[in-house]
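Protein chains in written order, with the numbering used here: chain A, 0 to 245; chain B, 738 to 941.
Ideal Cβ placement from N, Cα and C applies to all residues, glycine included.
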Amino acid sequence: MVNRERSYKTEAIILNSKSFGESGHIYIVFTPYLGKLSINANGTKKPKSKLSGHLQITNRCNLVISKGRSIDTISSAETTELFLNIRENYNLINNVFYIMELFDVFNPINEINVDAYQLLLESLRWLNNNQNINLLIIYIRLKILTTSGWDLNFSTCNLCFDEKKGNLTAINTNHGGSICNICKPSTTNSVSTEPQSIKLLHFISIASREKLLSSNLEITLIKKCLAISEYLIHDNLGFKLKTKLF
Amino acid sequence: MQIPEQNHSVKIISKLINELSKLPGIGPKSAQRLAYHFIKLPKSEVLELSNSLIELKEKIIYCDICQNLSDENPCSICTNYQRDQKLICVIEEPLDILAFERTGSYNGLYHVLHGVLSPINGIGPNNLKINELLNRIKVNDIEEIILATNPSIEGESTAMYIQDIIVDIVPKVTRLARGLPVGGDIEYADQMTIMRALQGRQEI
Numbered sequence: 000m001v002n003r004e005r006s007y008k009t010e011a012i013i014l015n016s017k018s019f020g021e022s023g024h025i026y027i028v029f030t031p032y033l034g035k036l037s038i039n040a041n042g043t044k045k046p047k048s049k050l051s052g053h054l055q056i057t058n059r060c061n062l063v064i065s066k067g068r069s070i071d072t073i074s075s076a077e078t079t080e081l082f083l084n085i086r087e088n089y090n091l092i093n094n095v096f097y098i099m100e101l102f103d104v105f106n107p108i109n110e111i112n113v114d115a116y117q118l119l120l121e122s123l124r125w126l127n128n129n130q131n132i133n134l135l136i137i138y139i140r141l142k143i144l145t146t147s148g149w150d151l152n153f154s155t156c157n158l159c160f161d162e163k164k165g166n167l168t169a170i171n172t173n174h175g176g177s178i179c180n181i182c183k184p185s186t187t188n189s190v191s192t193e194p195q196s197i198k199l200l201h202f203i204s205i206a207s208r209e210k211l212l213s214s215n216l217e218i219t220l221i222k223k224c225l226a227i228s229e230y231l232i233h234d235n236l237g238f239k240l241k242t243k244l245f
Numbered sequence: 738m739q740i741p742e743q744n745h746s747v748k749i750i751s752k753l754i755n756e757l758s759k760l761p762g763i764g765p766k767s768a769q770r771l772a773y774h775f776i777k778l779p780k781s782e783v784l785e786l787s788n789s790l791i792e793l794k795e796k797i798i799y800c801d802i803c804q805n806l807s808d809e810n811p812c813s814i815c816t817n818y819q820r821d822q823k824l825i826c827v828i829e830e831p832l833d834i835l836a837f838e839r840t841g842s843y844n845g846l847y848h849v850l851h852g853v854l855s856p857i858n859g860i861g862p863n864n865l866k867i868n869e870l871l872n873r874i875k876v877n878d879i880e881e882i883i884l885a886t887n888p889s890i891e892g893e894s895t896a897m898y899i900q901d902i903i904v905d906i907v908p909k910v911t912r913l914a915r916g917l918p919v920g921g922d923i924e925y926a927d928q929m930t931i932m933r934a935l936q937g938r939q940e941i
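Structure (structure tokens):
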């Protein structure tokens, strides 16, 4: 017998919303087991809407969704985790918009990626604590590349596999990460940087959130890694994100 | 969506249906229904409608002071000196003015931003009428600014941004109360709404 369930339930984090019709919105949500979804919600512009408060960007909630012909519709929502500190700080709001856009562009519709969902949840909790935001952004950028299947290696030269960290002086995305000073001239589009920056990128790419937060990292080095990680994202996407990172 | 011309024997009707289909919320079926309705209407009524549309595009302008849509510059609200000239309510869209005016309880002026800050949609401060608000505050003796943007994350961030830049030049910056709507149900309210309602509670 064919399963004709007319609705389904899922946990989700609200990534974005767009006005739709007279009184509704289309919500872009990210779920752990259904991937990114684009779903409709009716009446969310009305003051007495039972849904709109639960469907704010960054809210983690449980949704009940009714299947539709062309688009599914949210029939009920309940917030399970609210990142209140983010909503009350202008700087954090700007950063969260950037993070939401990052997850939106890196995850196609309906493509399941449990690791990416866990990363998003972890990122929101980190951001909500308002600790070392620059480090968080670098961490997210490197991890999101990994969860998207683009694992960069910063521990050795990706051409000759030289392990001497002092020799790693460039990054080349076509060759999968760091390049030593000997191999660099034979590559095109390598971005020069200091060995300490590459060492820090390697550390960030393998360390846990707790270890990163407890480490005493040099601020100038973090800023350099911020620029490098932005280049990695831009190079991977081929376009610039709309959000401007403050 | 382009309607294939072979579906309608008359090109003029096809063209009208195509044009009506471009309107928000009007699909091909609604456009078709409207087009055939226009055919049945008296010519005078159709001319009245088309003249109204032309007049709308020719005569509607933005008020130089409050950025509201108006047929005169400055608009009738800004030139009404019986209103409180030292009070400005900052809102997102011109339609919000209608909502406030319907209450009959607000007697100040307005400033329309024409949107909210939304980095995820590429909308920054330069895309809104924030500079015009700043210029207005500097030139006039404003005592209070009410930040009446929507209680969404974009509305909140817009309010915070504006508050940051005007807090030192305006004696009083306030935000509309947020919380439970009249007729709402606490059982279905989300955590944020209840928290805001608790924060804004008042002695009775």
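Taking 9 Å as the threshold, the shortest C-beta distance from B:P831 to chain A does not fall below it. Under the three-state reduction of DSSP, A:G165 is assigned to helix. The contact set of B:N810 on chain A, defined by CB atoms closer than 9 Å, is empty, because the minimum CB distance reaches about 29 Å.
For a cut-off of 8 Å, the C-beta gap from A:T57 to A:I13 is around 7 Å, short enough to register as a contact. Of all residues in the segment 912–932 of chain B, the ones placed with a Cβ closer than 7 Å to any Cβ belonging to chain A are P918, G920, G921, Y925, A926, D927, Q928, M929, T930, in chain order.
For A:N106, the three-state secondary structure derived from DSSP is coil. Counted as a single uninterrupted DSSP element, the beta strand (DSSP E) harbouring A:K8 occupies residues 6–19.
Around A:Q195, the same chain offers L220 as residues with beta carbons nearer than 7 Å, after the five sequence neighbours per side are excluded. Residue range 846–849 is occupied by the beta strand (DSSP E) that includes B:H848.
Under the Cβ criterion (8 Å, minimum of three pairs), the segment 80–88 of chain A does not count as touching the segment 41–53 of chain A.
Boundaries of the beta strand (DSSP E) around A:F29: 23–30.
Within 8 Å of the CB of B:I802, no CB atom of chain A is found; the nearest one sits about 27 Å away. No Cβ-Cβ contact shorter than 9 Å links A:L199 with A:S177. Residue environment for B:I890: buried (at least 16 other C-beta atoms within 10 angstroms of its C-beta). Rounded to the nearest whole angstrom, the C-alpha separation of B:S787 and B:Q769 is 18 Å. Assignment of A:C224 by DSSP, reduced to helix, strand and coil, places it in the helix class. Looking at the backbone, the Cα of A:L119 and that of A:G165 are separated by about 33 Å. Within the segment 754–769 of chain B, contact with chain A at the beta-carbon level (separation under 7 Å) is assigned to G762. Between A:V95 and A:S6 the beta-carbon gap is near 30 Å, outside 8 Å, which marks them as no contact.
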